[in-house]
Amino acid sequence: MSRRVLVLLTGIALLSGCGSPPPDSSPRRMPEGTRESASARAAGRDLFMQHCARCHGTAMENRRQVSDRFRSPAPDFTEPAYRRADPGDLFQAIRQGRAGVGMPAWAPHFSEEQTWQLVAYLLSRS
Numbered sequence: 009m010s011r012r013v014l015v016l017l018t019g020i021a022l023l024s025g026c027g028s029p030p031p032d033s034s035p036r037r038m039p040e041g042t043r044e045s046a047s048a049r050a051a052g053r054d055l056f057m058q059h060c061a062r063c064h065g066t067a068m069e070n071r072r073q074v075s076d077r078f079r080s081p082a083p084d085f086t087e088p089a090y091r092r093a094d095p096g097d098l099f100q101a102i103r104q105g106r107a108g109v110g111m112p113a114w115a116p117h118f119s120e121e122q123t124w125q126l127v128a129y130l131l132s133r134s
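For the sequence shown, position 105 (counting from the first letter as 1) is numbered 113 according to our numbering, and the numbering increases by one without interruption.
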C-alpha cells in the first residue's frame with residue numbers, strides 16, 4: 009500500500025471519530041407523574057441552580073451571549089413556546105448537549121432520573 013493511500017485512510021479514520029456522539033439510547037418518555045411532582049420539580053430546580061444557571065440565568069431568561077465560547081445566547085425557558093416542548097427532546101438536549109452552540113453533554117454527570125427532574129422544572133417555568 010502506498011504511503012499516500014495509508015495517510016489518506018488514517019485521516020479518514022481519525023475524522024470519522026470527530027462527529028457527534030452516538031444518540032443516547034435512554035428513554036425519551038417522561039416517567040408517569042414526574043411533570044406534576046413537586047419533589048421532582050424541586051430537585052430539578054436544585055440541579056438547575058447548581059449546574060445550569062451560570063449560562064441560562066437564575067430565572068432562565070438569559071438571552072445574552074454568556075461568553076465567546078458559546079455561539080448563541082442560551083434559550084429563554086420562560087417563553088410560552090417551551091410549555092409545548094416535547095419532554096423527550098429536552099431530555100436528549102440535556103443528555104447529549106448542543107455542540108453547535110457550546111452546551112456540554114450532561115449524561116456523564118446526571119442520572120436519567122435527575123435529567124427528568126430537570127426537564128420537569130424547565131417545563132414548569134414556561
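We put the CB at the ideal spot given by N, CA and C, even for glycine.
The distance from the Cβ of Thr123 to that of Arg103 is about 6 Å, consistent with a contact at the 8 Å cut-off. When rounded, the separation of the alpha-carbon atoms in Ala67 and Arg37 is 26 Å. The straight-line gap separating the alpha-carbon atoms of Leu130 and Gly65 is approximately 12 Å. Spanning the alpha carbons of Pro83 and Arg133 requires a straight line of approximately 13 Å.
In the displayed model, Met111 falls within a strand according to three-state DSSP.
In the structure shown, the three-state DSSP call for Arg103 is helix.
Between the alpha carbons of Gly41 and Ala48 lies a gap of roughly 9 Å.
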